[in-house]
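For my numbering, add 39 to where a residue sits in the sequence shown, where the first one is 1.
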Amino acid sequence: MVNQISPERLAEMIDSDEAFTLVDTRPEDSYEGWRIHGAENVPFGPDDEITDAELERVGAARDGYSVVAICGKGLTSTPFSFELEQHDYDDVAVVKGGMEDWSKVYEIVPVETENDDLVIVQLQRRAKGCLGYIVGSRDAESAVVVDATRQTDQFKIVAEEAGLTIERVLDTHVHADHISGGPKLADELDVSYHLGEHASERGVEYDYEPLADGETIELGEIEIEALHTPGHTSEMVNYLIDGEALLTGDTLFVESVGRTELQFGDEDAARGAELLYESLHETVLELPDETRILPGHVSVTEDNRYEVGSPGDLIGARLGDLRDDLDLLGLDEDEFVDRLVDNAPDKPPNYERVIEINTGSEPPEDESEATELELGPNNCAA
């Protein structure tokens, strides 16, 4: 009998190095664009019958292990698995919801802090590399959420388990690679939603309370300071958490810096790069070396591996280490601008549509469109 497993169970199997064979039944172009590391591609349509050649490929890849099948939504992997069962495969499972549900798997990572009152938790959206945060005060039992993704229940659960009440929701900027859950979460909880004050220049139509450069939010004795850091976008804000950690959004990553042409366009990408250089050198790099940098994304490869670190491990670094190790931070301004402009990666698919949604100018038609727009890894790094 074909078993059904959750995408969370698949993640456990991958992380524990459990022996199994993963077969992806999507069309080749979908597989090549975004897949799980180690998956064997055997394209299979809903009305297909498995061929002898396909059976041989599965048998060669299987090497005696159990088979797990995955597709886009579970619609082709299920009949494919039934076909295998009819050919005497007695240990076959299907991933429920396919790659769509795989894109919604989260890892919850507590951040060690110097201040015992301070709580920081990093929520990793594993397949996309999106990083959101719960920041709170144990004494005040209150928290804010920063860069919430669309699966807002994840943030509610983490806050509740930490004994914290979410009082505000903050975004670092208008995201281009995924649909922000910030406005939705704030509405669900009836709390304030915040962006940087320059978000007015982006035509944001959601109700939000602007944060000026240097403005602070207090959670009991914990202070969160908004720092205007334009470059990736004109309204980008970083949040300095009690002088101890900096939530950098898409300004500075552990492995790179933010790209600049998604808002500014190819013609004005150099201006964005100049702004980013100034933000890095006049704001971020002015902070102490011990400041912990906690970015808004980690780059994910096409086969779903993190460029740095691993899912479930903290994605972050000491500022001093990045100052020494990240060569982009050692360039002069002209070299920095040239590097960002001349080596821009492919733009995220659908990014213009995602920006429309995140400014509130054109909401998604339905849940299906929102899910489709977000498939695949993020591509925000230069």
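Just so it is clear, CB atoms sit at the ideal spot from N, CA and C, and this is done for glycine as well.
- In the DSSP assignment, the residues bridged to Gly171 are Leu162.
- Rounded to whole angstroms, the separation of the alpha carbons of Ala308 and Ala383 is 10 Å.
- Under a 10 Å Cβ-count criterion, Ile196 is classified as exposed, with fewer than 16 other Cβ atoms of the shown protein chains found around its own Cβ.
- Fully enclosed alpha helix (DSSP H) runs of no fewer than 4 residues occupy 300–303, 308–321 of the segment 296–356, in order along the chain.
- Secondary structure note for Asn42: it is in no alpha helix (DSSP H), and the uninterrupted beta strand (DSSP E) holding it is 42–44.
- For Val184, the uninterrupted beta strand (DSSP E) run begins and ends at 181–185, by DSSP.
- Distance between Gly235 and Ala265, taken at the CA atoms: about 8 Å.
- In the structure shown, Leu234 falls within a strand segment according to DSSP collapsed to helix, strand and coil.
- Following the DSSP letters along the chain, one finds Val380 in no beta strand (DSSP E) but inside the alpha helix (DSSP H) bounded by residues 372–381.
- When the beta-carbon positions are compared, Ile159 and Val148 stay at least 7 Å from each other.
- When C-alpha distances from Phe121 are compared across Gln43, Asp102, Ser142, the shortest belongs to Gln43.
- Rounded to whole angstroms, the separation of the alpha carbons of Pro222 and Asp229 is 10 Å.
- Leu250 has Gly235 as its beta-bridge partners, per DSSP.
- Sequence-distant partners of Ala78 (beyond 5 residues in either direction) whose C-beta falls short of 6 Å from its own C-beta, in its chain, are Leu61, Asp63.
- When Cβ pairs closer than 8 Å are counted between the two stretches, the segment 209–228 is seen not to touch the segment 128–141, the count staying below three.
- When rounded, the separation of the alpha-carbon atoms in Ser318 and Gly399 is 27 Å.
- The alpha carbon of Trp73 has as its nearest neighbour, out of Ala100, Arg344, Lys386, the alpha carbon of Arg344.
- Secondary structure note for Thr255: its beta strand (DSSP E) is the uninterrupted segment 255–258.
- Note on Ala198: 16 or more other CB atoms within 10 angstroms of its CB, so buried under the neighbour-count rule.
- Setting aside the 5 residues that flank it on each side, Asp130 is surrounded in the same chain by Ser105, each with a C-beta closer than 6 Å to its C-beta; the list follows chain order.
- Of Tyr245, Phe375, Leu414, Val97, the smallest CA-CA separation from Tyr390 is found for Leu414.
- Comparing alpha-carbon positions, the option among Phe292, Pro350, Asn277, Ser338 lying closest to Thr322 turns out to be Asn277.
- Contact between the segment 363–370 and the segment 403–419 is absent, with fewer than three C-beta pairs closer than 8 Å.
- An exposed status is given to Leu114, since fewer than 16 other beta-carbon atoms sit within 10 Å of its beta-carbon.
- Note that the C-beta distance between Glu306 and Glu346 is not below 7 Å.
- When the five nearest sequence neighbours on each side are left out, the beta carbons in the same chain lying within less than 8 Å of the beta carbon of Pro85 are those of Leu114, Thr115, Pro118, in order along the chain.
- For Arg101, DSSP assigns no beta-bridge partner whatsoever.
- Within 10 angstroms of the beta-carbon of Asp155 lie fewer than 16 other beta-carbons, which makes it exposed.
- Distance from the CA atom of Asn397 to the CA atom of Gly288, rounded to whole angstroms, is 15 Å.
- The beta carbon of Leu49 is closer than 6 Å to those of Val134 in its chain, skipping five residues each way along the sequence.
- When the Cα atoms are used, Ile256 and Ala238 turn out to be separated by approximately 18 Å.
- With fewer than 16 other Cβ atoms inside 10 Å of its own Cβ, Gly304 counts as exposed.
- By a beta-carbon distance limit of 8 Å, Pro416 contacts Gly168. Their separation comes to about 6 Å.
- For Ser181 against Thr204, the beta-carbon gap comes to about 5 Å, under 8 Å, which counts as contact.
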